[in-house]
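**Student:** Protein chains in written order, with my numbering: chain H, 2 to 288; chain G, 108 to 380. We put the CB at the ideal spot given by N, CA and C, even for glycine.
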């Protein structure tokens, strides 16, 4: 009698199938991990949630347009456009409207979530896709999705490494940067559009939940280690990539949903970083 | 060596030259009306900030100091009037309160000081040039922050943070420097030391230094000229400590005590008496 092939053998045999989702998770996790340092340090954690939720609405609207209006709109285009619209709304100076930033976040999050439910009700045949967007079921990623994530990720990373000094200065001392003549609005806009585009394209490919996790928990893990700022960016990138790829593999080998596994692994990395920080503290005291 | 073992520098540039004559005008406000949404906050302001001059801005909370400050920085458009700079490429720098730099930000003092070298679109060159690195090291030395340069900014004392921000300021090579309550949260010794450093910077490097301060005695002791801003009485008073402290609008807010104690004439530096 032949022995049943192990999960690992199955994985290697079908690697062609898994290569694209793994690559997609690696790129999305890495780039969103890099951006997460800005998201966390600028206290925009729920910006990421609201933008991801809006991306979900964008996908629902794209399906609705195809089914009921006969207009073919790629779901990734819908996700990116809605994510960008939410980003632009959140870039509005809230004091001009006599509101707080939290109010705008609440508005974007609740409106996008509610509208996604309404639109989803009218496109029952695509309900599974909507669920996938919101909670992450990235078992398979189409080549188009991978290309979109790869191109957007490459553009964002090149821009951010090139403009690193300007974006960090403008992000963490806005007035100082303004007085020294830096184009603060452009730099701020570049950061927000980067977040909007990456959240939009990644939410379509992987789902909003893991995208939210990559764009927040990666930086939290890195900040725990109290490294220099450039190293914090590097470790956050690494943590995001590990969460993406590791979560996918964990989901495959233990038969769990992918999005949930990636999210939980990102949380586990935060716990590991906390443990490392405690160990480093003990070591320093012992010296 | 542990970070806690870092030795404080002993020698730094803080001695104030005994004689001083203000230089050319750096910034001139003519009939400048400040306010929001075209609503004037104060009467028209006429004043000049000169090279080498140390200016203290005083006034109560909500008096219009911040609005005036932001207008000078170009963050708010004036309602009317003009602000003329000595030259279009004149460099300005701003030093925030030490608490304005987020305590979560894992940045070293040296890196924070290096932001002083960024100007305009210079960030498009992604690496710092040797000339910039040398300027930052020199600025750290001058401000007495060299020993603390490798340490995380958030772990520094208030005085050390201020020295780091001064290093950033020196690294900018600015002509006009604006500081928002640089001595807030400092003890009396650190406050005095910071004001002496600023005074020395103004004199030795010929900078125009404008400082918002709440401690009136410190302002009177160090500043060449004081600006008193008061929205309630629509007052903008310019002059030496005696002139400002004895002005009716000032006395209405702070009482007569400061008028009696105020020194006569412009400041000549704390070491020059």
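Looking only at C-alpha atoms, which of H:288, H:26, H:222, H:276 sits nearest to residue 148 of chain H?
**Tutor:** H:26
**Student:** Could you name the residues of chain H that residue 279 of chain G contacts, counting a contact when the two beta carbons are closer than 8 Å?
**Tutor:** 181
**Student:** Comparing C-alpha positions only, which one of G:294, G:295, G:304 sits nearest to residue 272 of chain G?
**Tutor:** G:304
**Student:** Looking at chain H, is there any beta carbon in it that lies within less than 8 Å of the beta carbon of residue 250 of chain G?
**Tutor:** no
**Student:** Go ahead and label residue 181 of chain G buried or exposed: buried means 16 or more other beta carbons lie within 10 angstroms of its beta carbon, across all protein chains shown.
**Tutor:** exposed
**Student:** Report all residues from its chain with a CB closer than 6 Å to the CB of residue 154 of chain G; omit the five preceding and five following residues, and keep chain order.
**Tutor:** 136, 345
**Student:** Secondary structure at residue 124 of chain G, three-state DSSP: helix, strand or coil?
**Tutor:** In this prediction, residue 124 of chain G scores a pLDDT of 48, lower than 50, which makes its location untrustworthy; the coordinate-derived value is nonetheless stated afterwards. Look at residue 124 of chain G here: in three-state DSSP terms it is coil, with no helix or strand label.
**Student:** CB residue 164 of chain H to CB residue 191 of chain H, shorter than 8 Å?
**Tutor:** yes
**Student:** Is residue 143 of chain H near the ligand SAM, going by C-beta to nearest heavy atom under 7 Å?
**Tutor:** This structure lacks the ligand SAM, and indeed carries no ligand of any kind.
**Student:** In the DSSP assignment, find the beta strand (DSSP E) that holds residue 229 of chain H and state where it starts and stops.
**Tutor:** Unbroken run through residue 229 of chain H: none, as it is neither H nor E.
**Student:** Assign residue 152 of chain H to one of two classes, buried (16 or more other C-beta atoms within 10 Å of its C-beta) or exposed (fewer than that).
**Tutor:** The Cβ neighbour count for residue 152 of chain H, taken over all protein chains shown within 10 Å, is under 16; the residue is labelled exposed.
**Student:** Find the residues of chain G that neighbour residue 306 of chain H, judging by a C-beta separation of less than 9 Å, and give them in chain order.
**Tutor:** Residue 306 of chain H falls outside the range modelled here, since chain H spans only 2 to 288, and no answer is possible.
**Student:** Quick one: residues in its chain with C-beta nearer than 6 Å to the C-beta of residue 189 of chain G, no 5 flanking neighbours on either side, listed in chain order?
**Tutor:** 137
**Student:** Would residue 34 of chain H count as contacting chain G if we go by Cβ distances under 8 Å?
**Tutor:** no
**Student:** Taking three-plus beta-carbon pairs below 8 Å as touching, is the stretch 193-206 of chain G in contact with the stretch 274-284 of chain G?
**Tutor:** yes
**Student:** If you compare alpha carbons, which of H:100, H:17, H:201, H:19 is closest to residue 29 of chain H?
**Tutor:** Selected option, being the one with the closest Cα: H:201.
**Student:** So, with DSSP's three-state summary, where would you put residue 81 of chain H?
**Tutor:** helix
**Student:** Drop a sphere of 10 angstroms on the beta-carbon of residue 160 of chain G, count the other beta-carbons inside from all chains shown, and report buried for 16 or more, exposed for fewer.
**Tutor:** buried
**Student:** I'd like to confirm the pairing. Which residues does DSSP put opposite residue 146 of chain G in its beta bridges?
**Tutor:** G:143
**Student:** How many angstroms separate the CA atom of residue 235 of chain G from the CA atom of residue 244 of chain G?
**Tutor:** A direct Cα-to-Cα measurement between residue 235 of chain G and residue 244 of chain G gives close to 13 Å.
**Student:** Evaluate residue 83 of chain H with the Cβ neighbour count: other Cβ atoms within 10 Å of its Cβ, from every protein chain shown; 16 or more gives buried, anything less gives exposed.
**Tutor:** Burial of residue 83 of chain H is indicated by the presence of at least 16 other C-beta atoms within 10 angstroms of its C-beta.
**Student:** Using the beta-carbon count (16 or more within 10 Å), is residue 286 of chain G buried or exposed?
**Tutor:** buried
**Student:** Of all the CB atoms in chain H, is at least one closer than 8 Å to the CB of residue 203 of chain G?
**Tutor:** yes
**Student:** DSSP has residue 192 of chain G in a bridge; who is on the other side?
**Tutor:** G:134
**Student:** What are the residues in the stretch 172-202 of chain H lying within 9 Å of chain G by C-beta distance?
**Tutor:** 173, 174, 176, 177, 178, 179, 180, 181, 182, 183, 184, 188
**Student:** Compare the C-beta of residue 199 of chain G against all C-beta atoms of chain H and say whether one is closer than 8 Å.
**Tutor:** yes
**Student:** Near residue 239 of chain G, which residues of its chain fall below 6 Å by C-beta distance, leaving aside the five closest residues on each side in sequence?
**Tutor:** 224
**Student:** Among G:151, G:158, G:249, G:185, which residue has its Cα nearest to the Cα of residue 143 of chain G?
**Tutor:** Checked all of G:151, G:158, G:249, G:185; the closest Cα to residue 143 of chain G is G:185.
**Student:** Could you give the distance in angstroms between the alpha-carbon of residue 70 of chain H and the alpha-carbon of residue 64 of chain H?
**Tutor:** 10 Å
**Student:** I need the DSSP call for residue 332 of chain G, collapsed to helix, strand or coil.
**Tutor:** In this structure, residue 332 of chain G counts as strand in the three-state DSSP scheme.
**Student:** Name the residue from H:33, H:81, H:34, H:181 whose alpha carbon lies nearest to the alpha carbon of residue 227 of chain G.
**Tutor:** H:181
**Student:** Kindly indicate the opening and closing residues of the beta strand (DSSP E) around residue 315 of chain G.
**Tutor:** 315-319
**Student:** With a Cβ-Cβ cutoff of 8 Å, do residue 274 of chain G and residue 314 of chain G count as a contact?
**Tutor:** no
**Student:** DSSP beta-bridge partners for residue 168 of chain H?
**Tutor:** Bridge partners of residue 168 of chain H: none, in fact.
**Student:** Determine the direct distance from the alpha carbon of residue 195 of chain H to that of residue 49 of chain H, and round the result to whole angstroms.
**Tutor:** Roughly 11 Å separates the two Cα atoms.
**Student:** Spatial neighbours of residue 212 of chain H within its chain, please: CB distance less than 6 Å, with the 5 preceding and 5 following residues excluded, ordered by chain position.
**Tutor:** 53, 200, 203, 204
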